[in-house]
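A short write-up of the structure that comes next.
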Amino acid sequence: MECIVRFEVKYRQELKRLRGLLFIEKGKRPDGEQLIEMFKDMKYQVALTDPEKLIFTPVEPGSDYEYIRVTELDTGEEKYTEDHDLKKLIGSLMPQRPPGL
C-alpha cells in the first residue's frame, strides 16, 4: 500500500514543503527507519531526533538544512496530520517555566 509523506525541510533562509512516497503493509503506518530510508534515497542523511513530532536532523556536519519535519502521512485510509490549533490550546494550558530556567 502507498503512503504519501508530506514534510518540510528547514534551510537557513527558507522552508521547503516536499513529498515522498513509501510502500507499507496495509493498515500500518511507516516507522522511523522507513522514513530515514526514504530520506536517504532523497539524499538527506538524517537521524530521528524527536519521534513524537517526527523531526529528523542531519547527521553530516555542514549540511545546508537544519531539520526535516514530517507534517502528514497519508495512506488513503487514515491520515496523520499535525493539529496546530490543538497544539496552541495545549500550550496555553501547560504551566509556563519561569524565565532563566
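In this note's numbering, the protein residues as written are 44 to 144.
We treat Cβ as the ideally placed atom computed from N, Cα and C, and that holds for glycine.
These numbers come from a predicted model, not from an experiment.
C-alpha gap between residue i and residue j, whole angstroms
i	j	result
Tyr87	Phe50	12 Å
Phe99	Ile111	5 Å
Arg55	Gly105	12 Å
Leu116	Asp107	25 Å
Leu61	Val52	8 Å
Ile79	Pro73	10 Å
Glu57	Cys46	26 Å
Gly119	Val89	26 Å
Met44	Thr114	19 Å
Where the alpha helix (DSSP H) through residue i begins and ends
i	result
Lys59	Here Lys59 belongs to no alpha helix (DSSP H); instead the beta strand (DSSP E) covers 58 to 66.
Leu78	75 to 84
Proximity of residue i and residue j at Cβ, strictly below 8 Å
i	j	result
Leu64	Gln77	no
Pro94	Gly70	no
Residue burial classification, residue i (beta-carbon count within 10 angstroms, cutoff 16)
i	result
Val36	This structure cannot settle anything about residue 36, because the visible part of the chain is limited to 44 through 144.
Met85	exposed
Continuous beta strand (DSSP E) stretch holding residue i: start and end
i	result
Asp117	108 to 117
Arg49	45 to 54
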